[in-house]
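Student: Sharing a structure with you now.
2 protein chains.
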Amino acid sequence: MPLDRKAPLLEHLNDVMGTLRNSERKVAQLVAGNPSYVMNATMAGVAEAAGVSEPTVMRFCTSLGFLGFQQFKISLAQTLALGIPATLSTIGREDSLKELSTKIFDHTISSLDRARRFLDPIQIDRAVSAILAGSSLHLAGLGASAIIALDAEQKEPLFGIPCSAPVDPHQQYMAAAMAHPGSVFIVISNTGRTRSIVQVAQTARAKGATVIGISGDESPLLKHCDIPLIVKTIEDTDIYTPTVSRLAGLVVIDILATAVTLRLGPEHMDRLTEMKEGLSQVRRDHA
Amino acid sequence: MPLDRKAPLLEHLNDVMGTLRNSERKVAQLVAGNPSYVMNATMAGVAEAAGVSEPTVMRFCTSLGFLGFQQFKISLAQTLALGIPATLSTIGREDSLKELSTKIFDHTISSLDRARRFLDPIQIDRAVSAILAGSSLHLAGLGASAIIALDAEQKEPLFGIPCSAPVDPHQQYMAAAMAHPGSVFIVISNTGRTRSIVQVAQTARAKGATVIGISGDESPLLKHCDIPLIVKTIEDTDIYTPTVSRLAGLVVIDILATAVTLRLGPEHMDRLTEMKEGLSQVRRDHA
DNA sequence: TCAAAAACGTAGTCAAACTACAAGTATTTG
DNA sequence: CAAATACTTGTAGTTTGACTACGTTTTTGA
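One line per chain: the protein sequences are A and B, in this order.
All the letters of the first sequence, read from the start, carry residue numbers -9 to 277 under this note's numbering.
All the letters of the second sequence, read from the start, carry residue numbers -9 to 277 under this note's numbering.
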């Protein structure tokens, strides 16, 4: 039985804050300001702390679309487990390192949660089929997206076909220009607007390759791709917040690699196991 | 007010399964088998479904160390929000793509949650101070850890000092051999037993460099480091489960980079903002 | 200023969580 | 082997907390 993943509560709270009644807003502020208290408190306690009556707390819950206070509390607990994303908590100079690391982890985890909810399994399925049908895999990305491409290249044994992930934009273009039916391209750009990356997608596709595009949103890049993969993360608001998109991208690569491996069958997996055992020998012996 | 992060409930459940009473175990099995039902159910409902009486459900909760049923439910909800790690759910060939991607995301998020709980802020603090005091930053890692090193190298503008992350083990050793006081090394190996990586740490330290070690556990590598950073993830049990350790490593790099940036002061951040704006121009115009 | 409607709280009800106790079952010891 | 003790589990009862019906107050618009 799959768990339905609702939109993070605290974000939603900010959105509807304006539409709430005055005394309901008091409750909302309490929840936003001290969510961990509310999570463990009773309805009477919340009413007391917010300076309103119990039915108001109840009305607050139903206004948000919950059936009652209990349901609301469960949902709040779920949100807190993920952590509070940096878009709400803000990272500042006066933060202690403990706070800072918690905030960054929270931000990352919330962001991956969002990616998890937005990812379209149908497109993933198509991407997996495309890789299985292909004879070679080429990756292209710049900056943080280059990291994703390199990581995928390391997973060549899982994909079962030759992989290349040139870092140089010129080489990326060359690979695209030499593409042919049977080539599979994974083209990565979070913004989806990096000129040279879009060109790689466009060129490869014109040569008959199957092009999988990974970007953070609808974008020019995806228009030139056969299979668009939207990996939605929490937007990086300011310079403090690190680029989370690359992490979500890596997870998507994990999913693709795992799915391809599973479909390649047991004898392929046997070879993998063998390889892994050999590798741990290599690690210890030299290199 | 910081949120205290308890150990994931379902893992704990497996551990204490043996110590439970017979009828309590029935409840435990229901929880393990259908957690999302229990999360929304009432105590009477759980008792009914498990085929026991209500007080038994209550006793089950207290046996696990909770004050009552409600507390237990909240905690269960938190665990489910993170997702069920692959160590418990097992990835199989018959999984649909939707299930597979959910499981991999769940596994990743649970794993990051664990890293978040185990990370020692004191060592992070020491690492940040070391980087701030250093005149150059060198990174070394192989395989998946090389990805982390490359990612850190990309963050050179944040660290504010020259960064290098050679991929070749020989070059890594050369960098270590040329180290001097003022050099800072970040040496990465999930197992902490890769021969050449341990050697890099050892050599660099002998030359007076400050060596920061990142590994998944107590390990030979960390013995040769000034500042040990343990990044605990959920162990990769079989070939299906992807290597999550590299993601946690990337988050740790994020934390280090962000902390260093914040300590470098506002004028450094102004330059960064300027750089970021310029970069988005570059993306659009050519390259 | 008055009427109508919306907002909010008071008081009450019902169900769910928790507790005390007794019955039954296993275990140990004389 | 029997008796007693300790342990396990369910029954019945109590209390507390969630939810509801209704009435009072406040606000809004003519």
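Note that the Cβ used here is the ideal one computed from N, Cα and C, for glycine as well.
Give the C-beta separation of Ile204 (chain B) and Phe108 (chain B) to the nearest angstrom, bearing in mind that I take them to be a contact with Cβ-Cβ under 8 Å.
Tutor: Ile204 (chain B) to Phe108 (chain B), Cβ: 13 Å. No contact.
Student: What residues are listed by DSSP as bridge partners for Val177 (chain B)?
Tutor: B:Ala130 and B:Gly203.
Student: Quick check on Cys51 (chain B): does DSSP put it in helix, strand or coil?
Tutor: Of the three classes helix, strand and coil, the one that applies to Cys51 (chain B) here is helix, per DSSP.
Student: By the criterion of Cβ-Cβ separation under 8 Å, what are the contact partners of Gln192 (chain B) in chain A?
Tutor: None at all; the shortest Cβ gap to chain A is about 15 Å.
Student: Could you check the C-alpha separation between Ser270 (chain B) and Arg236 (chain A) for me, to the nearest Å?
Tutor: About 17 Å.
Student: Rounded to whole angstroms, what is the Cα-Cα separation between Gly182 (chain B) and Gly206 (chain B)?
Tutor: Roughly 7 Å between the two C-alpha positions.
Student: Please determine if the region 27 to 37 of chain B and the region 91 to 102 of chain B are in contact, where contact requires at least 3 C-beta pairs separated by less than 8 Å.
Tutor: Segments in contact, no.
Student: Taking the straight line between their C-alpha atoms, what separation do you get for Cys51 (chain B) and Ser13 (chain B)?
Tutor: Near 12 Å, if we compare the C-alpha coordinates of Ser13 (chain B) and Cys51 (chain B).
Student: Quick check on the burial criterion: 16 or more other C-beta atoms within 10 angstroms. Buried or exposed for Val272 (chain A)?
Tutor: Exposed, by the Cβ-count rule.
Student: When DSSP labels each residue in this structure, what does Met168 (chain A) get in the three-state scheme?
Tutor: Residue state, collapsed to three classes: coil.
Student: Just verifying my parser: in three-state terms, what is the DSSP assignment at Ser125 (chain A)?
Tutor: In this structure, Ser125 (chain A) counts as coil in the three-state DSSP scheme.
Student: Does the region 112 to 124 of chain B come within contact of the region 136 to 147 of chain A, defined as at least 3 CB pairs closer than 8 Å?
Tutor: Too few Cβ pairs lie closer than 8 Å, so no.
Student: Give me the Cα-Cα distance between Glu84 (chain B) and Arg195 (chain B), rounded to the nearest whole angstrom.
Tutor: When rounded, the distance between both Cα atoms is 50 Å.
Student: Mind checking Asp(-6) (chain B): buried by the 16 CB within 10 Å criterion, or exposed?
Tutor: Here Asp(-6) (chain B) scores only 49 on pLDDT, less than 50, and its place in the model should not be relied on; the value that follows carries that caveat. Exposed, because fewer than 16 other Cβ atoms sit within 10 Å of the Cβ of Asp(-6) (chain B).
Student: May I ask which residues mark the beginning and end of the alpha helix (DSSP H) holding Leu87 (chain A)?
Tutor: Element bounds for Leu87 (chain A): Leu87 to Phe108.
Student: Hey, could you find the ends of the alpha helix (DSSP H) Leu212 (chain B) is sitting in?
Tutor: Unbroken alpha helix (DSSP H) run through Leu212 (chain B): Pro210 to Lys213.
Student: To the nearest whole angstrom, what separates the beta carbons of Gln113 (chain B) and Ile217 (chain B), a pair I think is in contact under 8 Å?
Tutor: Between Ile217 (chain B) and Gln113 (chain B) the Cβ distance is about 6 Å, and since that is below 8 Å, they are a contact.
Student: Among A:Gly35, A:Ala191 and A:Gly150, whose alpha-carbon lies nearest the alpha-carbon of His170 (chain A)?
Tutor: Among A:Gly35, A:Ala191 and A:Gly150, the Cα nearest to that of His170 (chain A) belongs to A:Ala191.
Student: Could you tell me whether any Cβ in chain A is nearer than 8 Å to the Cβ of Thr92 (chain B)?
Tutor: It does: the Cβ of Thr92 (chain B) has a partner Cβ on chain A nearer than 8 Å.
Student: Are three or more beta carbon pairs between the region 5 to 24 of chain B and the region 37 to 51 of chain B nearer than 8 Å?
Tutor: Yes: the two stretches touch, three or more of their Cβ pairs being nearer than 8 Å.
Student: Would you say Ile176 (chain A) and Ser135 (chain A) are within 8 Å of each other, going by their C-beta atoms?
Tutor: No, the Cβ-Cβ distance between Ile176 (chain A) and Ser135 (chain A) is not below 8 Å.
Student: Taking the DSSP output, what are the residues bridged to Ser154 (chain A)?
Tutor: Its beta-bridge partners are A:His128.
Student: Smallest Cα separation from Leu148 (chain B): which of B:Met265, B:Gln189, B:Asn4 and B:Thr80?
Tutor: Ranking B:Met265, B:Gln189, B:Asn4 and B:Thr80 by Cα distance to Leu148 (chain B) puts B:Met265 first.
Student: Count the other CB atoms, across all protein chains shown, that sit within 10 Å of the CB of Pro159 (chain B); report buried if there are 16 or more and exposed otherwise.
Tutor: Label assigned to Pro159 (chain B): buried.
Student: Reducing DSSP to helix, strand and coil, say where Lys57 (chain A) ends up.
Tutor: Strictly speaking, residue 57 (chain A) in this sequence is Leu, with Lys absent from that position. Leu57 (chain A): coil per DSSP, three-state reduction.
Student: Using alpha carbons as the reference points, say which of B:Ser86, B:Ser101, B:Ser100 and B:Asp115 lies closest to Asp110 (chain A).
Tutor: Per the Cα distances, B:Ser86.
Student: Enumerate in chain order the residues of its own chain whose CB-to-CB distance from Ser186 (chain B) is below 6 Å, with the five nearest sequence positions on each side excluded.
Tutor: Once the five neighbours on either side are set aside, the close Cβ partners of Ser186 (chain B) are Pro159.
Student: Using DSSP with H/G/I as helix, E/B as strand and the rest coil, what is Ile245 (chain A)?
Tutor: Helix, per DSSP.
Student: Which of the three DSSP states is assigned to Leu280 (chain A) in this structure?
Tutor: Nothing can be reported for residue 280 (chain A): it is not among the residues displayed for chain A, which extend from -9 to 277.
Student: Nearest by alpha-carbon distance to Met164 (chain B): which of B:Gly133, B:His128 and B:Ile151 is it?
Tutor: It is B:His128.
Student: Give the DSSP-derived three-state secondary structure of Ile138 (chain A) in the structure shown.
Tutor: If DSSP states are grouped into helix, strand and coil, Ile138 (chain A) belongs with the helices.
Student: Looking at the secondary structure, which residues open and close the alpha helix (DSSP H) in which Ile187 (chain A) lies?
Tutor: Ile187 (chain A) -> alpha helix (DSSP H) spans Arg185 to Ala196.
Student: Let me confirm a value: Ser43 (chain B) is counted as buried when at least 16 other C-beta atoms fall within 10 Å, else exposed. Which label applies?
Tutor: It is exposed - the Cβ of Ser43 (chain B) has fewer than 16 other Cβ atoms within 10 Å.
Student: Tell me which residues share the same chain as Ala124 (chain A) and place their Cβ nearer than 8 Å to its Cβ, disregarding the 5 neighbours each side in the sequence.
Tutor: Going by the sequence as given, residue 124 (chain A) is Gly instead of Ala. The residues are Ile151, Gly172, Ser173, Val174 and Thr200.
Student: Give a yes or no on whether the C-beta atoms belonging to Leu132 (chain A) and Thr193 (chain A) are separated by under 8 Å.
Tutor: No, Cβ-Cβ distance for Leu132 (chain A) and Thr193 (chain A) is not below 8 Å.
Student: Mark Val241 (chain A) as exposed unless 16 or more other C-beta atoms lie within 10 angstroms of its C-beta, in which case mark it buried.
Tutor: Under this definition Val241 (chain A) is a buried residue.
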